[in-house]
Structure formats: C-alpha cells, structure tokens
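Accompanying notes for the structure given below.
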Amino acid sequence: GAGVSQTPSNKVTEKGKYVELRCDPISGHTALYWYRQSLGQGPEFLIYFQGTGAADDSGLPNDRFFAVRPEGSVSTLKIQRTERGDSAVYLCASSLGSGSFNEQFFGPGTRLTVL
Amino acid sequence: AQSVAQPEDQVKVAEGNPLTVKCTYSVSGNPYLFWYVQYPNRGLQFLLKYITGDNLVKGSYGFEAEFNKSQTSFHLKKPSALVSDSALYFCAVRDTDSWGKFQFGAGTQVVVTP
Numbered sequence: 021g022a023g024v025s026q027t028p029s030n031k032v033t034e035k036g037k038y039v040e041l042r043c044d045p046i047s048g049h050t051a052l053y054w055y056r057q058s059l060g061q062g063p064e065f066l067i068y069f070q071g072t073g074a075a076d077d078s079g080l081p082n083d084r085f086f087a088v089r090p091e092g093s094v095s096t097l098k099i100q101r102t103e104r105g106d107s108a109v110y111l112c113a114s115s116l117g118s119g120s121f122n123e124q125f126f127g128p129g130t131r132l133t134v135l
Numbered sequence: 005a006q007s008v009a010q011p012e013d014q015v016k017v018a019e020g021n022p023l024t025v026k027c028t029y030s031v032s033g034n035p036y037l038f039w040y041v042q043y044p045n046r047g048l049q050f051l052l053k054y055i056t057g058d059n060l061v062k063g064s065y066g067f068e069a070e071f072n073k074s075q076t077s078f079h080l081k082k083p084s085a086l087v088s089d090s091a092l093y094f095c096a097v098r099d100t101d102s103w104g105k106f107q108f109g110a111g112t113q114v115v116v117t118p
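The listed protein sequences correspond, in order, to chains P and E. 104 is the number that the numbering used here gives to position 84 of the first sequence; each next residue is one higher, with no gaps. 90 is the number that the numbering used here gives to position 86 of the second sequence; each next residue is one higher, with no gaps.
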C-alpha cells in the first residue's frame, strides 16, 4: 500500500505482559514518529527517528517504553510490563527528510487495551 | 516549551455556513503551525501548514487558516461548511529546538448539520 500501515490494529493484553507494535512507513520517508492518543485528547509525542537513530525520545513516559528502527524503515514500539494506564491508541507517522517542514502522514493506529 | 490551545471542545454549524475552528499558540521562536483532521476510525490527515510568508494559508478540501502573530492565533476556516466536514480537528506546533517533535492541541469536534 501507499500509506503508513500499523499492525496489529487492535491488541488486548494483560497487565504485566510485553507487547510490540509495528509501523511500516511510506517508502522513502526517512523520518518516523510515534504518538500516543488517549480518549478525548490530542496525540502525545513519544519519539521520532531520522533514519535508524532516535533523534528525540523525550516523550517516552518511562523506561518500560522503547522503540527501534534498525534498518531505517519499519519501526517497532515495545512496551514492557504493561500497565492499565498504557491503554490508548498508538499512532505512527512518517515524513520526508530531515530538518524539513514536510507534513506527517499518519497510520490508522493500534488500539492497545491492557486488562 | 511550545504549546497550542484549542479553546472549544465542539463547534456546531449548519451546512453552508462559515466554519471557524480556533487555535492559539505559544512558542519561543518562529512558529511552525499545522492543522490535521481525524475522521472516525481513520488516521489523522494533513490539511495545511504555516511556515513563513503569507498570513493566509490555503489547504486541502477548501480549508484555509489565518496566521496572526500579534494574537498568536492560527484559526482554521472554511467559507461554506459541508456535512462531510464533520470530524475532529487538531492544531499542532513544531518544536523549535527539536524539529521532529510536535505538540498537538486537545482537538475540536466539528459538527455540521444538514
């Protein structure tokens, strides 16, 4: 497909479990972003990558959250020891270039529910 | 730190009437401002952006936004709203120190009635 894809679309897990959320950006987009959106709120920045490296991870809430992008394309957001408060929609976006003002293209999100 | 505020949780207008969705911002340098729209069960879609230049920015689907530096506002407008414009609208500002870091507003639900 031509757009950003995210898998799974829905994930239900139990408190304390480990989850991985995957993002496939638009081909050729070097920048990739992760956000978290809770009900009734705007997207909250978590981390962004330029190429393979995390350029800014200041939005990750704590050390249970980690994201990788080993080959500069697909990214995985990893959450350890999940808590009920982690329940939200996790959004991924990608854009062209570094230091540019290009708009972000968003995926449909992964809805994470922690029971 | 950068921030945006969307003072209205909901805006309701009749089809054919003008639509305005408000956004104010706070930045430490030059503002880079964006509007996105979110339809139910779909990802956010880009509408328009202000980087520099003309204060009136034209975007997708007939939307435009007016940048006002003295009022630190970036209101989204559409001269004649459609029922299909009913959606959740987000204003966002780019961090001046970290180009990939964006701060989004809480969103404004637009309801356009037939």
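We treat Cβ as the ideally placed atom computed from N, Cα and C, and that holds for glycine.
> Can you check whether the CB of S32/E is closer than 8 Å to the CB of T100/E?
Replying inline: Here residue 100/E refers to the residue found at position 96 when the second sequence is read from its first residue. Here residue 32/E refers to the residue found at position 28 when the second sequence is read from its first residue. Yes.
> What does G127/P touch in chain E if you count any residue whose Cβ is under 7 Å from its own?
Replying inline: Your numbering for residue 127/P matches position 107 in the first sequence. Residues of chain E passing the Cβ test: G47.
> So with Cβ pairs under 8 Å, would you call F78/E a contact of chain P?
Replying inline: Along the second sequence, one-based indexing puts residue 78/E at 74. No, its Cβ sits nowhere closer than 8 Å to a Cβ of chain P.
>> When you compare the CB of K105/E with every CB in chain P, is at least one pair closer than 8 Å?
In response: Indexing the second sequence from 1 puts residue 105/E at position 101. For K105/E, the answer is yes, since a Cβ of chain P falls inside 8 Å of its Cβ.
> For T24/E versus K73/E, is the C-beta spacing smaller than 8 Å?
Replying inline: For this step, residue 24/E is matched to residue 20 along the second sequence. For this step, residue 73/E is matched to residue 69 along the second sequence. Going by C-beta atoms, T24/E is not nearer than 8 Å to K73/E.
>> Counting only beta-carbon separations shorter than 8 Å, does F108/E have a partner in chain P?
In response: One-based indexing of the second sequence puts residue 108/E at position 104. Yes - at least one Cβ of chain P is within 8 Å of the one on F108/E.
> Is F171/P close to chain E, meaning its C-beta is less than 8 Å from at least one C-beta of that chain?
Replying inline: Past the boundaries of the shown model lies residue 171/P; chain P is included only from 21 to 135, so the question cannot be answered.
>> According to DSSP, simplified to helix, strand and coil, what is R56/P?
In response: Position 36 of the first sequence holds residue 56/P. Correct three-state label for R56/P: strand.
> Quick one: does G92/P have its CB under 8 Å from some CB of chain E?
Replying inline: Sequence index remark: in the first sequence, residue 92/P carries index 72 (1-based). No, G92/P does not count as interfacial toward chain E.
>> I believe A113/P touches Q57/P by the beta-carbon criterion, under 8 Å. Please report the beta-carbon distance rounded to the nearest angstrom.
In response: Start at 1 with the first residue of the first sequence, and residue 113/P comes out as number 93. Start at 1 with the first residue of the first sequence, and residue 57/P comes out as number 37. In fact, because the Cβ distance is near 12 Å, the residues do not count as touching under 8 Å.
> Per DSSP, G73/P is paired with what?
Replying inline: As a first step, residue 73/P must be located in the first sequence, where it is residue number 53. Partner(s): Q70/P.
> According to DSSP, is S115/P helix, strand or coil?
Replying inline: On the first sequence, residue 115/P is found 95 positions in, with the first residue counted as 1. S115/P: strand per DSSP, three-state reduction.
> D89/E by DSSP, collapsed to three states: which one?
Replying inline: If you number the second sequence from 1, residue 89/E lands on position 85. Three-state result, D89/E: helix.
>> Taking 6 Å as the limit between beta carbons, can you name the residues of its chain near G66/E, skipping five residues before and five after?
In response: For the purposes of this step, residue 66/E is taken as the residue at position 62 of the second sequence. Result list for G66/E: K82, in chain order.
> Just to confirm, are L135/P and K35/P a CB contact at a threshold of 8 Å?
Replying inline: Along the first sequence, one-based indexing puts residue 135/P at 115. Along the first sequence, one-based indexing puts residue 35/P at 15. Yes, the pair counts as a contact, with Cβ atoms nearer than the cut-off.
>> When you compare the CB positions of K15/E and V114/E, do they come within less than 8 Å of one another, or not?
In response: Working through the second sequence from its first residue, we reach residue 15/E at position 11. Working through the second sequence from its first residue, we reach residue 114/E at position 110. First, the amino acid is wrong: residue 15/E is Val here, not Lys. Yes, the pair counts as a contact, with Cβ atoms nearer than the cut-off.
> From W103/E to N122/P, what does the alpha carbon distance come to, in whole angstroms?
Replying inline: By 1-based counting over the second sequence, the position of residue 103/E is 99. By 1-based counting over the first sequence, the position of residue 122/P is 102. Distance between the alpha carbons of W103/E and N122/P is about 11 Å.
> Whose C-beta lies closer than 8 Å to the C-beta of T56/E among residues of the same chain, with five residues either side of it excluded?
Replying inline: As a first step, residue 56/E is located in the second sequence; it is residue number 52 there, counting from the start. The answer, listed in chain order, is N34.
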